[in-house]
Each structure stands twice: as structure tokens, then as C-alpha cells.
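The opening position of the sequence shown corresponds to residue 105 in the numbering used here, with each subsequent residue numbered one higher.
Built from N, CA and C at the ideal position, the CB exists for glycine as well.
All values derive from a computational prediction rather than experimental measurement.
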Amino acid sequence: VNKVLLKGGPSERETAEAPRFQPGDRVRTININPATHTRLPRYARGKVGTVALLHGAHVFPDTNSLYQGENPQHLYTIRFDGRDLWGPDAEPDSCTMIDLWNEYLEPA
105 VNKVLLKGGP SERETAEAPR FQPGDRVRTI NINPATHTRL PRYARGKVGT
155 VALLHGAHVF PDTNSLYQGE NPQHLYTIRF DGRDLWGPDA EPDSCTMIDL
205 WNEYLEPA
């Protein structure tokens, strides 16, 4: 058993892949319903947001949790307008920020 993983060790990794997105880019989350682990919240699936931050490459938890390898990929903070997630009754000017991996995102 990986003791670093059990202790919540650092997840940043090197990758030869260039980031697909940059701060300011509009992205859409994919709409998936896996039978296993995912860090893509159901309420954010299929929604459009804006890249706020790029955090570098990190272990992808969806594969790592299944012992299929770390599969490092770029991690982004995505800013979603409150109304895009919660509908017209959301508080005006509200937003939600979610850290999401490259595999969850596509250009909007």
C-alpha cells in the first residue's frame, strides 16, 4: 500500500501534455454517469464555465482510485455562474468554483 497516498501526499506530477485551456477560456463539462469514482459533481455535468486558474498536472483520481494508474493531467479551477448551475432563482452575481481535471472538459 502506498503510504504517501494514505497520508494524502502531494498529487502534483510531471506531464509532457500541454494544457488544453488557459484562464479566460470557456469550457463545458462532459456529461458522464460512471458506476465508479468521479470528482465531477453531478450538478456541474454538461455546464459551461470559465477557466479561472491552471494548477499544473495532478494525479487523476478517477483512475487512481481504481488502481489503474495515476494518469496525471492538468487541473483547472472552473468558475460557474450561479444561474448556470442553480437556475434563474440563484442569487444574483453568485458563482461556484470547482477544481476539475482535463478529462472532464471540452471547449465551449
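query, result
"Please report the straight-line C-alpha distance between residue 201 and residue 157, rounded to a whole angstrom.", "10 Å"
"By Cβ distance below 6 Å, which residues in the same chain neighbour residue 106 in space, the five residues on each side in sequence not counted?", "Residue confidence is low: residue 106 scores 47 on pLDDT, short of 50, so the model does not pin down where it sits. Its coordinate-derived value is still stated next. Cβ neighbours of residue 106 beyond the five flanking positions: none."
"What does the Cβ neighbour count give for residue 134, buried or exposed, with the cut at 16 atoms within 10 Å?", "exposed"
"Can you check whether the CB of residue 207 is closer than 7 Å to the CB of residue 177?", "yes"
"How big is the Cα-Cα spacing for residue 168 and residue 128?", "29 Å"
"Exposed or buried, which one is residue 155 when buried takes at least 16 other CB atoms within 10 Å?", "buried"
"Should residue 144 go down as buried or exposed, given a rule of 16 or more other Cβ atoms within 10 Å for buried?", "buried"
"By DSSP's criteria, residue 213 is part of a beta bridge. Which residues make up the other side?", "Lying outside 105 to 212, the shown extent of the chain, residue 213 is not represented and no answer is given."
"Verify whether the separation of the beta carbon atoms of residue 148 and residue 119 is less than 7 Å.", "no"
"Under the rule that 16 or more other beta-carbon atoms within 10 Å means buried, what is residue 180, buried or exposed?", "buried"
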